[in-house]
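To start, the structure itself, in structure tokens.
Here it is, written out as structure tokens:
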């Protein structure tokens with residue numbers, strides 16, 4: 110009952126899609142998942158299918174999977190921690206990739222911290238991080254903003270704001286995602302809204318067959334009939350990136366904001382100059 | 110010579126420290142590293158030690174490791190791509206964690222994109238992502254800014270700017286790193302500079318023995334004599350996080366910036382509301 114050694118909340122990544130487990134997960138992550146009998150998941154159905162795919166040694170009916178979605182109340186989240194308080198280990202499973210990034214798992218982790226319950230993150234795939242790595246855009250300074258607004262004019266405004274902010278911060282990489290069936294619409298909006306010189310990237314179906322990461326200036330994308338690749342794939346899962354280069358035009362915009370923009374730009378440069386070795390990233 | 114199928118630039122994560130390879134890397138990542146005879150690395154010496162640890166099947170003197178640091182010129186980087194142009198696979202190794210995030214690898218990837226050389230990112234550990242997952246802070250919207258300035262007054266200003274920006278963006282998580290011997294100084298500066306209500310977190314020695322991730326409000330840290338844990342560890346590797354909660358005081362500051370702050374805040378809320386399932390993160 111009070112074997113507190115066992116009361117750890119494990120944060121468990123899963124594959125991004127149907128790539129082999131050997132591609133996505135270190136053996137220690139797989140073993141940890143197979144060792145647990147209690148899980149919290151966004152969708153118990155998907156979680157169950159994944160545990161079956163992993164050949165979890167327990168019969169599925171003996172495995173407890175509790176749902177935690179964006180609609181779960183904070184009182185219900187407190188209840189989810191019950192087994193942890195009693196000294197049982199619990200695994201928090203993502204729908205795809207790592208938990209707590211662009212999913213509601215962070216609420217569970219926050220509640221665990223509030224009660225002093227130890228939290229242990231395990232290694233696995235993140236499409237956001239893989240896209241950033243493969244983009245060639247700055248990994249010294251980047252911002253992930255989740256989903257942009259859907260209405261076209263609001264979306265275009267959000268893109269322009271990201272572009273300007275990237276410029277102000279010395280080309281900071283901006284990363285965002287979209288539900289698969291809106292991939293084409295967002296991409297067209299990016300190419301028609303952003304400046305010719307801005308670098309934009311798209312990472313499609315990472316770790317899956319036909320995965321591709323491509324990054325070009327807006328002007329180069331327009332020349333290359335870039336949408337062909339999207340049209341071949343049906344509703345691909347995508348991660349989007351952009352990085353604006355300060356140009357005379359964007360400098361004028363930044364200058365209009367006065368001192369703050371200048372300070373931010375100075376900060377961006379400092380970050381780039383303070384690259385260090387031997388730091389585990 | 111023109112076997113272009115082989116001319117892929119593989120982005121190869123390595124462990125964060127001395128944790129077992131089975132904790133850090135999926136079998137496919139390990140196998141890919143062991144299959145390659147050509148590498149680009151920030152420090153050939155560290156890379157060689159890692160390949161030895163991995164029991165790379167080739168004799169070390171037959172493995173080519175070319176250095177690419179922050180001081181490498183763009184011309185030298187173009188030369189690094191020579192074997193890729195000839196159809197040979199090359200692996201880009203990080204010093205610790207994933208390449209291209211807070212290291213100069215992105216320059217190599219950008220040059221590869223410019224020549225149409227395919228780039229393939231592999232799965233491995235990122236202390237930044239692990240810290241974010243385990244923090245319980247928002248993973249819907251976050252910014253990584255690398256290193257803060259070292260001089261105390263500039264560092265304090267940078268912290269206050271991050272806090273205000275987090276507030277403006279509805280509590281966006283800010284993530285930054287520091288060289289190990291400055292961990293204590295940065296931490297003290299955070300606790301003395303930031304608002305009582307701001308949540309601050311520190312992830313120490315992730316994946317290593319004694320790893321810990323702790324997140325509390327500044328006021329709670331002060332009460333709990335938080336520095337004890339840092340004083341026990343000698344120069345721990347750390348990832349730092351903060352998230353500011355809009356308070357009446359910070360609302361006043363944001364309001365003083367006029368329309369932009371309001372729009373940004375609106376955007377932050379939209380991001381939180383547009384959480385979606387079934388997207389590989």
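Residue numbers (my numbering), protein chains in the order written: chain R, 110 to 390; chain B, 110 to 390.
Ideal Cβ placement from N, Cα and C applies to all residues, glycine included.
With a cut-off of 7 Å, does the C-beta of residue i fall near any C-beta of chain R?
i                      : result
residue 276 of chain B : no
residue 250 of chain B : yes
residue 261 of chain B : no
residue 164 of chain B : no
residue 62 of chain B  : Residue numbering for chain B in the displayed model covers 110 to 390; residue 62 of chain B lies beyond these limits and cannot be assessed.
residue 305 of chain B : no
residue 254 of chain B : yes
residue 135 of chain B : yes
residue 324 of chain B : yes
residue 120 of chain B : yes
residue 167 of chain B : no
residue 238 of chain B : yes
Checking contacts by CB at 7 Å: is residue i closer than that to chain B?
i                      : result
residue 242 of chain R : yes
residue 355 of chain R : no
residue 367 of chain R : Here the model assigns residue 367 of chain R a pLDDT of 34, short of 50, so the residue's position is not dependable and the matter cannot be decided.
residue 235 of chain R : yes
residue 329 of chain R : no
residue 319 of chain R : no
residue 160 of chain R : no
residue 245 of chain R : yes
residue 112 of chain R : Note on residue 112 of chain R: pLDDT 40, under 50, position unreliable in the model; the coordinate value appears next. With 7 Å as the cut-off, residue 112 of chain R does not count as an interface residue toward chain B.
Just confirm the distance between the C-beta atoms of residue i and residue j, as a whole number of angstroms; I'd bet it's less than 8 Å.
i                      : j                      : result
residue 228 of chain B : residue 221 of chain B : 5 Å
residue 304 of chain R : residue 327 of chain R : 6 Å
residue 123 of chain R : residue 316 of chain R : Not quite, the Cβ-Cβ distance comes to about 12 Å (not below 8 Å), so this is no contact.
residue 163 of chain B : residue 139 of chain B : 7 Å
residue 311 of chain B : residue 296 of chain B : 6 Å
residue 280 of chain R : residue 354 of chain R : 6 Å
residue 243 of chain B : residue 201 of chain R : Between residue 201 of chain R and residue 243 of chain B the Cβ distance is about 10 Å, and since that is not below 8 Å, they are no contact.
residue 115 of chain R : residue 226 of chain R : At roughly 11 Å, the Cβ-Cβ gap does not stay under 8 Å, so residue 115 of chain R and residue 226 of chain R are not in contact.
residue 292 of chain B : residue 345 of chain B : 6 Å
For residue i, which of the options has the nearest alpha-carbon?
i                      : options                       : result
residue 147 of chain B : B:170, B:164, B:343 and B:135 : B:170
residue 308 of chain R : R:120, R:125, R:282 and R:314 : R:282
residue 224 of chain R : R:291, R:118, R:243 and R:294 : R:118
residue 287 of chain R : R:299, R:186, R:354 and R:331 : R:299
residue 165 of chain B : B:127, B:145 and B:301        : B:145
residue 129 of chain R : B:135, B:245, B:260 and B:126 : B:135
residue 347 of chain R : R:313, R:186 and R:290        : R:313
residue 230 of chain R : R:243, R:210, R:240 and R:242 : R:210
residue 274 of chain B : B:352, B:331 and B:301        : B:352
residue 66 of chain B  : B:319, B:187, B:180 and B:329 : Any property of residue 66 of chain B remains undetermined from this structure, which presents chain B solely from 110 to 390.
residue 289 of chain R : R:259, R:329 and R:161        : R:259
residue 240 of chain R : R:301, R:324 and R:302        : R:324
residue 59 of chain R  : R:226, R:261, R:345 and R:199 : The question about residue 59 of chain R has no answer, for chain R in this structure spans 110 to 390.
residue 294 of chain B : B:168, B:186, B:257 and B:190 : B:257
residue 181 of chain B : B:212, B:263, B:142 and B:330 : B:212
If we define contact as Cβ-Cβ less than 7 Å, is residue i a contact residue for chain A?
i                      : result
residue 132 of chain B : Absent from the structure: chain A. Protein chains present are R and B.
Examine the ligand FAD and report whether any of its heavy atoms sits within less than 6 Å of the Cβ of residue i.
i                      : result
residue 153 of chain R : For the structure depicted, the ligand FAD is absent and the ligand set is empty, with no information on it obtainable.
TODO: Report yes or no: do the stretch 231-247 of chain R and the stretch 192-206 of chain R share at least 3 C-beta pairs separated by less than 8 Å?
DONE: yes
Open item on the list: To be precise: take each residue of the stretch 207-232 of chain B, compare its Cβ to all Cβ atoms of chain R, and keep it if any distance is under 9 Å. Which residues remain?
Closed with: 207, 208, 209, 210, 211, 212, 213, 214, 215, 216, 217, 218, 219, 220, 221, 222, 223, 227, 228, 229, 230, 231 and 232
TODO: Say whether the stretch 249-256 of chain B touches the stretch 245-258 of chain R, bearing in mind that this needs 3 or more beta-carbon pairs closer than 8 Å, one atom from each stretch.
DONE: yes
TODO: Inspect the CB distances between the stretch 150-159 of chain B and the stretch 170-179 of chain B and report whether three or more fall short of 8 Å.
DONE: yes
Task: the stretch 257-271 of chain B contacting the stretch 153-162 of chain B, beta-carbon criterion three pairs below 8 Å - done: no
Open item on the list: Does the stretch 193-200 of chain R come into contact with the stretch 209-226 of chain B, if we say contact requires no fewer than three beta-carbon pairs (one atom in each stretch) closer than 8 Å?
Closed with: no
Task: Near-chain R residues of the stretch 141-156 of chain B - C-beta to any C-beta below 7 Å - done: 151 and 152
- [ ] Would you list, in chain order, the members of the stretch 183-201 of chain R that have their beta-carbon closer than 7 Å to a beta-carbon of chain B?
- [x] none
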